[in-house]
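Okay, so the sequence shown: first residue is 1 according to the numbering used here, each after it adds one.
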Amino acid sequence: MWIRSYDEVDPLEVYRLNLAAFRWGFDIATARRIRKEDPYATDELALYAGEGKHLFAQVVPLRFSVRLTTGPENVGGLAAVCSFPQVWGKGYVRRLLQYVHNRFREQAVRISTLTTSLNL
1 MWIRSYDEVD PLEVYRLNLA AFRWGFDIAT ARRIRKEDPY ATDELALYAG
51 EGKHLFAQVV PLRFSVRLTT GPENVGGLAA VCSFPQVWGK GYVRRLLQYV
101 HNRFREQAVR ISTLTTSLNL
C-alpha cells in the first residue's frame, strides 16, 4: 500500500472516488480553486492510499487556528474521508489517518478534528 498526495496521483482517479463517495467530482479546477482560496488547505491538499495504479481511500488534512479558554491553538482537521466500498475494512482509511496524525504530531499539533463543516 502506498500513500501519496494529490499531486502524485491521477486526477481522474480522484474524481471517480469523490463522485462515488460524495456525488461530487473533485476535479483539477476545484483543486486549483481550493489551493488559491482556502486558508485551511495544506500543501499536499489531500492524501490518498492505494495499490498499484489505483487509489482506494482519501483524507483531506486541514490546518487552522481556534480560540480556546487557554488561548489560540493550532489545530489539525480531517475532512472528506472516504474509500470505495470494495476496500471497506481493509485498513486503507486507518493507515491514512495514522499517517496524518503522525504528521500533525511532528508539527506539534495537539488537537485534531473530524469535520464536514466549513463553519469552523
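All residues carry an ideal CB built from backbone N, CA and C; glycine is no exception.
Computed from a predicted structure; not experimentally measured.
Each residue's CA atom was taken as its position, placing I34 and W24 some 15 Å apart. Distance check between P11 and each of R103, L62, H54 and E37 places H54 closest, using alpha-carbon atoms only. The C-beta of L97 has 16 or more other C-beta atoms within 10 Å across all chains shown, which makes the residue buried. Taking the Cα of P39 as reference, the smallest distance to any Cα among L114, N74, S83 and K90 is reached at N74. If you draw a straight line from the Cα of Y6 to the Cα of L68, it is about 32 Å long. Distance from the CA of P61 to the CA of C82, rounded to the nearest whole angstrom, comes to 13 Å. P11: member of the alpha helix (DSSP H) spanning P11 to F22, first to last residue. The C-alpha of Q107 is placed about 27 Å away from the C-alpha of F56. If you ignore the 5 residues before and after V14, its C-beta comes within less than 6 Å of the C-beta of F26, all in its own chain and listed in chain order. With 16 or more other Cβ atoms from the protein chains shown falling within 10 Å of its own Cβ, I3 counts as buried. Counting of Cβ neighbours within 10 angstroms places A29 among the exposed residues, the total staying below 16.
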